[in-house]
Every structure is written in structure tokens, then in C-alpha cells.
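Line by line, the protein sequences give chains A and B.
Counting in our numbering, the first sequence tops out at residue 417, every number present.
Counting in our numbering, the second sequence tops out at residue 1275, every number present.
The beta carbon of each residue, even a glycine, is placed where N, CA and C say it ideally should be.
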Amino acid sequence: MKISAFHLMPYRELPADFEQRYESVWVTPPWWELADARRVGQYYNWTLDELQYAAKVGFDGVCTNEHHQNAYGFMPSPNLMGSVLARATNGTNVAIVQMGATLPTSNPPLRVAEEYAMLDCISGGRLVAGLPLGSPMDVNLCYGITPMEHRERYREAVALTLKAWQAREIFPWNGRYFQLATVNLWPRPIQQPHPPVWIPGSGSISTFDFAVEHDVCYCFLSYSGARSAKTMMDGYWRVVADKGRDLNPYRAGFLQLVVVAENDARAEEKYARHVEYFYHKCLHVPAMWFSPPGNQDYRSLVATMSNPVRRAENPKNLRYRDFVEKGFVIAGSPATVRDRLKEEVIKSLRVGNLMVLLQIGSMPHELALENIELFGREVLPGLRDVWDDEGWVNHWWPERLRQRATPVPAGLAAGGA
Amino acid sequence: MSVRAEAPVGGGTQERTVTVWQGRVRMRVVSKGRGPVLIFFHGPWGLTWDPFLDRLAESFTVYAPEHPGTTPDAHDDVYHLDGLWDLVLCYDELLETLGIRDAAFVGHSFGGMVACEVAAAYPDRVRRLAMIAPLGFWRDPDRIVNWMMLEPAALRAHIFRDPEGDAARRMFPRTDAQDAATTEARVRLMWAMGTTGKFIWPIPDKGLKKRIHRVKAPSLLVWGREDRLVPAVYAQEFTRRLSGARVETIDGAGHAPHLEQTDTVAPVVRDFLSQ
């Protein structure tokens, strides 16, 4: 297993009646009413500290991601955060997992290829290159990309990125959306032929096909836990088999919310309100915004409309115990968390690259560190060897980090090179 | 050319599908009536043959082409067009294929903008131009709501003065049903918004202000007094650029005055086009 710490960088102090007073956490939350730049500066630093701490207590990777105009998670430039982390973790075996910079909103998308190459150089070849499509809120609503062109731009940008990393000759790119007469990337990544690519998604069938055809790792970023992901991930593995690929569990990534405490009761005392804050406030977005007309192609639109995916219950009606019972959040003592992760997530979904979200919603810095430490020291070691007896190679992990990580003694990791 | 039977169209209409753009874009054209040729450009919610078109067909031969991508079984054809320029050229090819040298143009909302763009690109193709609540301009103080992001109930309330009226019911599928016809209607509505939205996202100002001076045809603007989508002040953007353009403001109507007040709007448009 490779287990990475994921961070959204949410606003941690939204008002109690936020979801009643405001239309959405995304796109339209008014900055001047809700936020404070000095406080946000503190959040960014806490976020970096929390991820660096995860690197120190034994995680295999640290994950950042890109979102815009929201209080749910606002690293508009994940590569700024990633570069700090790359520098700070030099000398360790921790991967820099960018989940990542969004190609359709980068113009030209070559900028992402360049920045990832920089991160790979700075980190000494420890980059995992996440290539997300980007959410409709970010790409269509905040960044003005036409919904009908979103996926086409993405696919063209992925092709351009892969070629720019690998081409031995200078080449012209005469694309539909991007035209560049002289592509000659400086720098190139250390990892050859290019850094491992992960494609995050939320269960869209066309993304399964794309990921399998490109032989990359598909990551299901879900907030609804493994139980509701089961059908989706079974569908993914069917596509893998149908296209003649092996069933290497490292082809799959999954994001799970986790809170760990001394025992199950303490977990509720410590984390319940932060979990509820996340589901009630951080996911407060009008349903229409997830699928602007044209964003899905016609065939997918017909499929969705004819057989609406059983919409997960409105999380606003659920409380902490519901989230835990349904597996949206895996919570409790280290033993409880380890066993549930192993059975419900890792084995059930056949996941080799697990990401865990440990700073959740309003969770304050000190508590986030506690959660990270408990997970890193008492849960993670019990999950490392889940797939070892099957002998798979994690082709989607930086080659020099594929061997089982040896924990770096505290004090050495965070200081940088 | 082919004839199809599954259209959401009314009695007495004829249909044929015209292929343009090197054979890649198929556009069904619904037609009816006698008299001078009239081209109707539908809005962002797709073509529905409605009582307004029936009224126009009493005095004109009405041709109502479907925007690329909204013709059944030709959904993906819209991907062959990259922008407004391509779309305008498609309409020129369509008229060429239909053997229509010039005609009266009537357009609603998005279709009003397209009609105006074609009139600016090919001024001699348009004899008279009637635009009903057309898009095409942007005023920061009078922002146009992005209808594509509205929940269905809110969308109805933005288009129609009376969201429960007959006109609204004809355009919108029921929200409480799950049968196949309702699902099909929902898909049609979403896809029509997606394929038209492709040409105007995220702000429906794509440079008409640079081109509108080329329009030669006498122009009429029809606006619902209670248009909650494209406020009636937008009529000024057209009238100050089109010399002699007239505005008719319709009481008791929102963004689709020809559907909510057909008895008022149909004679106004007919009389203007007949002059």
C-alpha cells in the first residue's frame, strides 16, 4: 500500500448559520463578509505544517489540489503548496502527490507540464502528477470555460502534456484549442519517461475509459465512503478487465475521510462537530452546478437522466453518527479505523493508493496534528502490507520510492535538505 | 435530405434535414405555410412548433431550422463547430441549400442573436429582421442571469411571467413524472441549452457590437415588459445601433412574449414583416 495525506485547506471558521444565509460555499461566498486574509495566511501555514507533519510521521505521500472561489478548499495554485512541500521533504521518501493542477484552466496547459517538471526536479524525482479534469464549479463557473468544451480541452491538454515531457525533438502543436509553434520544455522531469500520472474523478464512465486507455491510476475522490463507491469501482475494474489490463490494485486510488482517537467514544467527542461542519457547510453547493448543460456528452446525459444515480442522501440531514455508520467517515480507535479501512475500502474496492483526509472542516490545527499523528503511528503501519503477498508493482508511484518506506526519525524530516 | 416523424411539432408541418459543413452538420428544418419566406431562429430551449409559428404560417412560408446538435440523432454534430463564425457560415450554407436567397428573419433570445449575426455577416440575405428578446450584449449594471445554472423551477420563473401558464407547460417537462417521454423532454431541454450555450458561455456578448452596423434590414425589437432574464433595457443596445429600429414592449409577458402573449405579438411581427 501507499498511503498519502490529503488536504483541502478549507475555511475553518464559517458562521454557524452559513448554509442558511448563503447560496453556496463555492463560486459566490462573499469574501469580505466571511473571511480575513491574515487568518487565511495562518490557514495556509497550518496546512503546510499539517502536511509536513504527515510526512514526518510515516505517510508515503502528501496531496494538494486546486479549487477556486470557495471556502471549501482553496488552494488556487496547488503547485505553490507543492513546491514548499517538495523543498521541505527533501531527503525523505515522501512523494509529492499533486492532485492537482487543472489543465483546462491553465492556458497554455504547458504551464502545468513545466511546473510539474520543476516539482520533479526540486523533489529529486518524487512527483506524482495528478491530472484532474477540474470541477464544473472551478472550470466552467469560475474560470469561464464553456461546459461543452471542458472535456475536449482536457483531453487535448493531457496529450500535449505527455508529449511535451517526452519528446526528444522540438515539436509544433497545432491543436483545436492550443496552438504552439515551438514546444521545447525546460525543464524536463527527472522521472522517465515521465512522472506517474493519476487521474482523479468522481465516477464518470468516460473518465474510467480514459484512465484505462492511458494506463494511469484512476482515483475516486469521494466523500460518501466506500459503500456507495462499490458499484462505481466495480464498474472501473470491469473496464480494466475489458480493456485487457491486469487487476493491479495500484491502478486505483481512493480518498477516505478518517478521524482517529484513543477510543470510539473519544472520537465522537473530539471530531463530531468538525465532520458535521464539513458535510453541512463545505459541501453546500446547488445541485445544478455540478452538471452545467453541455458538460456531459449526450450519451452520458441520457444515461444520467434515464437512470439518475441514486442520489446519496442529502448530507445536511445526517449527523456524525450517520456519517460514521454509513462509512462517509471512518472513525474510532486505531484498531477500529484500521480494520474498517482494510476491509471496507482497501480490499472491497481493490485500492492500492489510498488517500486519507485528516484535517476535516473546522478541525483546528492542534487536533488535526493529533489525528495525523495517531493515524501515521498507529493505523498506517498495520495497512502497509495489505497487497504485499500478491506481488504487484506500483507502477504509478515514483520508482525510487517504491520500496517500503522506512520511517524517518522525527526531527530529520521537516527541516528540508 | 430525409424525412423524420419523431419531431415535437404540430400539425401540417413538413420537415427535412439539410446537411451542411462538409457533410458533418445535419440540421432539421420544420416548415409550414404559404407566402414570402420567413426563417425562424429558436431560443436556447430548442425548437417547439408553437401557436406563434402557426400564426406566422398564415402569412408566410415559415422555415424553422434546428440549431446544430438539437436535431434528433445528430446530437454530436455540434462538436464540429468551434464558434460563432462557424455557426453563421452554417446558416449561410443552409439557406443556400434550401435555395433561399433572402428572407424575413425572426429570432427569439439566442436565436435573435444568431439572426442578427447572420444579418450582419450577410446583409443582403435579410429583408426584415424581427428580434424577440435577443441576446448579444452585456451591461454590467443589468446582468443577464445564467439560465443554464438555474434549477428547473427557477428557470421557468425566469423565462415566463407566469411559470404555471400554458406557454411554460408546453416548453417544460413536468417535474413530478419519471416516464420515458418526460425524461426525453428533460434531455432535449438540457442538450438544447448545452449546444446553444457553447456559443455564448459565460457571457452572451461575443462581439455583435463590432458587427451590428452592417445590418441593412429594417429591424423590430419585441420585449416582454417583465423579462427577468434579459431585461428590457437591452432593447436600447440594439436601437442605438440600428437606425430606425422600433421597439414593441409587451405587457403581461416575460422572456418569451410571443408564447405568453401570442395574440398580441403575432400581429405585431406579421405587420412589421409585411411592410
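Counting only Cβ-Cβ distances below 7 Å, A/Y298 has contacts in chain B at H1075, D1076, W1191, in chain order.
Using beta-carbon distances, B/E1151 counts as an interface residue toward chain A, with a partner under 9 Å. Counting only the Cα atoms, A/M9 lies some 11 Å from A/C282. At a cut-off of 9 Å between beta-carbon atoms, B/G1197 makes contact with chain A. Nearest C-alpha to A/P196 among A/M137, A/Y116, A/V258: A/Y116.
Each of A/Q52, A/P108, A/P200 was checked against the Cα of A/S83, and the nearest Cα belongs to A/Q52. When secondary structure is reduced to three states using DSSP, A/N45 falls in the helix class. Within 8 Å of the CB of B/V1114, no CB atom of chain A is found; the nearest one sits about 16 Å away. Between the alpha carbons of B/M1171 and B/D1076 lies a gap of roughly 23 Å. Residues are counted here when their Cβ sits less than 7 Å from a Cβ of chain A; for the stretch 1130-1142 of chain B the count is zero. For A/V302, no beta strand (DSSP E) encloses it; the enclosing alpha helix (DSSP H) starts and ends at 298-306. For the 9 Å CB-CB criterion, A/Q98 and A/E399 do not form a contact.
With respect to the 9 Å criterion, A/Q256 and A/E50 are not classified as neighbours on the basis of their beta carbons. Each residue's CA atom was taken as its position, placing A/F59 and A/A211 some 25 Å apart. Around A/A129, the same chain offers Y116, P195, V197 as residues with beta carbons nearer than 6 Å, after the five sequence neighbours per side are excluded. Assignment of B/K1198 by DSSP, reduced to helix, strand and coil, places it in the coil class. The continuous beta strand (DSSP E) containing B/M1131 extends over residues 1126-1132. Here A/P200 is not near A/R350, since their CB atoms are 9 Å or more apart. A straight-line Cα-Cα distance of about 6 Å links B/F1052 and B/T1262. Cβ atoms of A/P104 and A/G294 stay farther apart than 8 Å, at about 14 Å. Taken in chain order, the complete beta strand (DSSP E) segments of 3 residues or longer contained in the stretch 342-377 of chain A are 353-357.
The DSSP-derived three-state label of B/I1212 is helix.
In terms of Cα proximity to B/L1150, the closest of A/H365, A/D388, A/A241, A/P286 is A/P286. B/E1226 is not bridged by DSSP to any residue.
At least 9 Å separates the CB of A/A35 from every CB of chain B.
Annotation: B/G1224 to B/P1152 spans about 21 Å, alpha carbon to alpha carbon. Look at B/F1172 here: in three-state DSSP terms it is coil, with no helix or strand label. Contact note: B/M1148 reaches chain A through P292, P293, using a C-beta cutoff of 7 Å and chain order.
Residue contact with chain B for A/N107: absent (no Cβ-Cβ distance below 9 Å to any residue of chain B).
Contact between the stretch 315-324 of chain A and the stretch 360-379 of chain A is absent: fewer than three C-beta pairs spanning the two stretches fall below 8 Å.
According to DSSP, residue pairing for A/A159 in a beta bridge does not occur. Boundaries of the alpha helix (DSSP H) around B/L1094: 1084-1098. For A/N70, the nearest beta carbon of chain B is not closer than 9 Å to its own beta carbon. For A/G235, the enclosing alpha helix (DSSP H) starts and ends at 225-242. Here DSSP, grouped into helix, strand and coil, assigns A/E169 to coil. If only complete runs of 3 or more residues are kept, the stretch 172-225 of chain A shows the beta strand (DSSP E) at 179-183, 197-201, 217-221, in order along the chain.
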